[in-house]
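The structure appears below as structure tokens.
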Amino acid sequence: MLDTRPLLLDTDFPSLNRGALTTLQVNLGYLCNLSCTHCHVNAGPKRTELMDRDNVELVLQVLQRHRLQVLDLTGGAPEMNPHFRYLVEEAVKLGVEVIDRCNLTILQEPGYEDLAEFLARHKVTVVASLPCYSEQNVNEQRGKGVFGDSIDALIKLNSLGYGIDPQLPLNLVYNPNGAFLPPPQMQLENDYKQQLREQYGIEFNSLFTITNMPISRFGGMLLAKGKYHDYMELLKGSYSDSNLETVMCHSLISVDWQGNLYDCDFNQMLELPLRDTQQIIGSDRQRHLRQLLETDFQGNPIVIGEHCYGCTAGQGSSCGGALED
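Each residue of the sequence shown is one higher than the last, beginning at 1 in our numbering.
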């Protein structure tokens, strides 16, 4: 696969510094039951990288040490990590809000039939990927039959109270099916709600629109089709200075399956480790969960690259959707 990393390191993106830490975003591994074209972690059924129990215990210690508000679990399909349920149970005991970034189809897989009930029982916030309300578009982006399985999973989540009970938030995620920016989030959310309600009786809370990053699988596709430079021009031409104050890296630390630390999930995929104030820019020295027990890295410079324009283009983009209304 073609790699955009060398093209992203030299940048004129504005410098940023870390603020107070509120959220730990943990990638539990790259194993997934799907292989989506927009996936920036190249997850799939043949991946074997999974966080072990020792690092899961460190995650729990960090949550307690810093009294963090949110544990955001990603993958791959995070639920396929054998320690997923243990981590959720223990984090909930600490009073932490747990977010499960769910691809929906995992709820239909053999061996996971009780997963939806488990999530509801522990009041886990579900952030579910549904890149379109059109069956054709979803299947093109995520694979044949994925749309139908996703709809069935949403209906099951609704039956448990998700998207209806205030204690069971259900949020959907939209990714563009190509090299273009997401449309206005609120407008698209209204369209999603109307279509899903009228066609399937499905309810959900919010829609998050997330810009495709020019890295990993999507970045390789851009290079292969000769669209990389045009896409970067789109991102940079749509830059909005007002989004700088609310980008997710101010308050979030990303953790990979080995326990290494990054300023965001995208830097994790580009192997650009979090650094401290004394560390030389460009150094590959890794910071680990063990160091996070000692400090929260507040005030440290954030590692930036050309891909950061993806978070500040147009209405902005983060793991919680658009940065501007």
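Ideal Cβ positions, reconstructed from N, Cα and C, are used throughout, including at glycine.
Determine the DSSP secondary structure at residue 204, reduced to helix, strand or coil.
coil
Please report the residue range of the alpha helix (DSSP H) in which residue 90 lies.
84-93
Can you tell me whether residue 301 is helix, strand or coil according to DSSP?
strand
Does the beta-carbon of residue 90 have 16 or more other beta-carbons within 10 angstroms, so that it is buried, or is it exposed?
buried
Since residue 76 and residue 29 should fall inside the 8 Å C-beta cutoff, what is the C-beta to C-beta distance between them, to a whole number of angstroms?
5 Å
Alpha helix (DSSP H) segment containing residue 24, residue limits:
Here residue 24 belongs to no alpha helix (DSSP H); instead the beta strand (DSSP E) covers 23-27.
In the DSSP assignment, find the beta strand (DSSP E) that holds residue 174 and state where it starts and stops.
170-174
Measure the alpha-carbon distance for residue 45 versus residue 274 and round it to whole angstroms.
29 Å
Among the residues of its own chain, which have a CB less than 7 Å from the CB of residue 227, if the five just before and after it don't count?
179
Starting from residue 155 and walking both ways along the alpha helix (DSSP H), at which residues does that stretch end?
146-159
Tell me whether the beta-carbon of residue 182 lies closer than 7 Å to the beta-carbon of residue 176.
yes
Report yes or no: is there a C-beta of chain C within less than 7 Å of the C-beta of residue 186?
Absence of chain C from the displayed structure is noted, only one protein chain being present.
Using 8 Å as the cut-off, can you tell me whether the segment 148-161 makes contact with the segment 186-193, which would need three or more C-beta pairs spanning the two stretches below that distance?
no
Residue 113 Cβ short of 6 Å to the ligand MN heavy atom set
Ligands are entirely absent from the displayed structure, and the ligand MN is therefore not among its contents.
With burial defined as no fewer than 16 other Cβ atoms inside 10 Å of the residue's Cβ, what is the status of residue 167: buried or exposed?
exposed
Using a threshold of 7 Å, state whether the C-beta atoms of residue 99 and residue 127 are closer than that.
yes
With H, G and I counted as helix, E and B as strand and the rest as coil, what does DSSP make of residue 99?
strand
Checking 7 Å against the spacing of the C-beta atoms, do residue 365 and residue 299 come in under that value?
Not covered by the structure: residue 365. The range shown for the chain is 1 to 325.
Contacting residues, own chain, Cβ-Cβ under 8 Å from residue 47 (five flanking each side not counted):
29, 30, 31, 32, 76
For residue 224, report the span of its alpha helix (DSSP H) as first-last.
216-224
Note down, in chain order, each residue of its chain lying with its Cβ closer than 6 Å to the Cβ of residue 130, except the 5 sequence neighbours on either side.
150, 172
Here's the rule I'm using: 16 or more other beta-carbon atoms within 10 Å means buried, otherwise exposed. How should residue 339 be labelled?
No answer is possible for residue 339: it lies beyond the span of the chain, which begins at 1 and ends at 325.
Can you tell me whether DSSP reads residue 116 as helix, strand or coil?
helix
In DSSP terms, what residue 288 is bridged to
260
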